[in-house]
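Report on the structure given below.
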Amino acid sequence: EGDVEVESLRGMGFEMLRELFLGLGDTHLHVRVACKRSAGVIGLILLGHHPEVATLLRSSALDERWQTDLPAFMHSWLRLVSMHLPAQVPAYVELVTTRVWARRVDLVCVVAHIAGALLRLRFSVAAVARSLIMMLGHPDSAVRCAAAEALQYFLPQEASASGGAITHNVHALAPGDDAEESAIAHRLWERGNTAVAACSFHEAIAHYTEGLDCGVRASNGRSMLLSSRSAVYGLLHMWQEALEDAIACVQLAPQSANAFAGKGAALEGLMQFGEALDCFRLALSLDPSDEAIGMCVRN
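The opening residue of the sequence shown carries number 567 in the numbering used here; numbering runs sequentially from there.
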């Protein structure tokens, strides 16, 4: 502890880990296995005294089911790193945002999974989302699919079990709304979400707008549509429009922590970091148990 040479070696170790994690996306099984084993050895040396880390790194699931398990593995790894060594997280953000990975398809897919994990944990949301949007234009379909899958964590989610993403549980925003109006809003909201999954962002905005324009008065339904449209505006770098929708959502749901978190995300996109922090802190005061919002404040 505190020894300069030891700290230098630790830094080198974490740099090696990031390189080995990229190797988990290699198309050859023997390369993936070798990278995982080496990452396990180094990771256990650096963080093995934490039981959760040791359990994760000793898992062998990635050897056979790497394409399915890699997103979950990266999320679990970055969650543990953010808990025990938060100073290492910016290096992963830099890996995603500097585009050093653009030359190889297999590396781009892994970086997309890392980006998805960062979004779930609410680290540098605007910059990470911009990198993923660039990946949507990649000529390889595997990269486009990985990027689209990761971008789902940028959007408001209906249920709170979204694995760490800031959630907008629309059914909890305002009780007592008209059932028919809520059903209309929910149907159009689902159409918009389907369009987002297909990377048709302008179509998604059209569906959300239709819901807002068709006379839905229920605060529950309008909040749901506004928060989703705000997030999609953010995907298109239309941060001012994103902020306007987020402000309207806050006015409809002034006691909703997630509404204020959405406003904070839009302000972050506009580089208004002080105001964004104020929103995240207010959101956390409304729901101190929300781990994702707490990470926004710390970030």
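The beta-carbon is built from N, C-alpha and C at its ideal position, and this holds for glycine as well.
Any idea what DSSP makes of residue 855, helix, strand or coil?
-> Annotated three-state conformation of residue 855 is coil, per DSSP.
Is residue 849 helix, strand or coil by DSSP?
-> Three-state result, residue 849: helix.
Just checking, does the segment 703-716 make contact with the segment 674-685 on the three C-beta pairs under 8 Å criterion?
-> Verdict: yes, contact present.
Hey, how far is the Cα of residue 837 from the Cα of residue 595?
-> Answer to the nearest angstrom: the Cα atoms are 42 Å apart.
Expressed to the nearest angstrom, what Euclidean distance is found between the alpha-carbon atoms of residue 865 and residue 653?
-> Between the alpha carbons of residue 865 and residue 653 lies a distance of about 10 Å.
Residues of its chain near residue 660, where Cβ-Cβ distance is below 7 Å and the 5 sequence neighbours each way are ignored | No residues qualify anywhere along the chain.
My guess is that residue 650 and residue 616 are in contact by the Cβ rule of under 8 Å, so how many angstroms apart are they, rounded?
-> That pair is a contact at about 6 Å.
Cα-Cα, which of 767, 806, 826 and 761 is closest to residue 789?
-> The option with the nearest alpha carbon to residue 789 is 826.
Would you check if the distance between the CB atom of residue 831 and the CB atom of residue 860 is smaller than 8 Å?
-> With respect to residue 860, residue 831 sits apart: the two C-beta atoms are not nearer than 8 Å.
First and last residue of the alpha helix (DSSP H) that includes residue 774?
-> Segment 767-779, the alpha helix (DSSP H) holding residue 774.
So, helix, strand or coil for residue 648, using DSSP?
-> Residue 648: helix per DSSP, three-state reduction.
Are residue 681 and residue 694 close, meaning C-beta to C-beta below 8 Å?
-> In this structure, residue 694 lies closer than 8 Å to residue 681 by Cβ.
Residue burial classification, residue 700 (beta-carbon count within 10 angstroms, cutoff 16) | Around the beta carbon of residue 700, fewer than 16 other beta carbons sit within 10 angstroms, so the residue counts as exposed.
Of the residues 751, 797 and 760, which one's Cα is nearest the Cα of residue 777?
-> It is 751.
Taking only the alpha-carbon atoms, compute the straight-line gap between residue 792 and residue 771 and give it to the nearest angstrom.
-> Going by the C-alpha atoms only, they are around 10 Å apart.
Are residue 815 and residue 796 close, meaning C-beta to C-beta below 8 Å?
-> Yes, they are a contact pair.
Can you give the beta carbon distance from residue 605 to residue 644, rounded, assuming they're within the 8 Å contact cut?
-> Cβ-Cβ separation between residue 605 and residue 644: approximately 14 Å, too far for a contact (criterion under 8 Å).
Chain-order list of residues whose beta-carbon lies under 8 Å from that of residue 663 (same chain, five-residue window excluded) | These residues qualify, in order along the chain: 690, 693, 694, 696 and 697.
For the alpha helix (DSSP H) that residue 710 lies in, which residues bound it at each end?
-> Segment 707-717, the alpha helix (DSSP H) holding residue 710.
Report all residues from its chain with a CB closer than 7 Å to the CB of residue 609; omit the five preceding and five following residues, and keep chain order.
-> Cβ neighbours of residue 609 beyond the five flanking positions: 583, 619 and 623.
Closer than 8 Å by C-beta to residue 715: which residues in its own chain qualify, once you throw out the five before and the five after it? Chain order, please.
-> Excluding positions up to five away in sequence, the list reads 637, 678 and 682.
Alpha helix (DSSP H) containing residue 664: first to last residue?
-> No alpha helix (DSSP H) contains residue 664, which DSSP labels as neither H nor E.
Alpha carbon to alpha carbon, what distance is there between residue 758 and residue 648?
-> Taking the straight line joining both Cα atoms gives about 33 Å.
Taking the alpha-carbon positions, what's the residue 597 to residue 590 distance?
-> So the two alpha carbons sit approximately 8 Å from each other.
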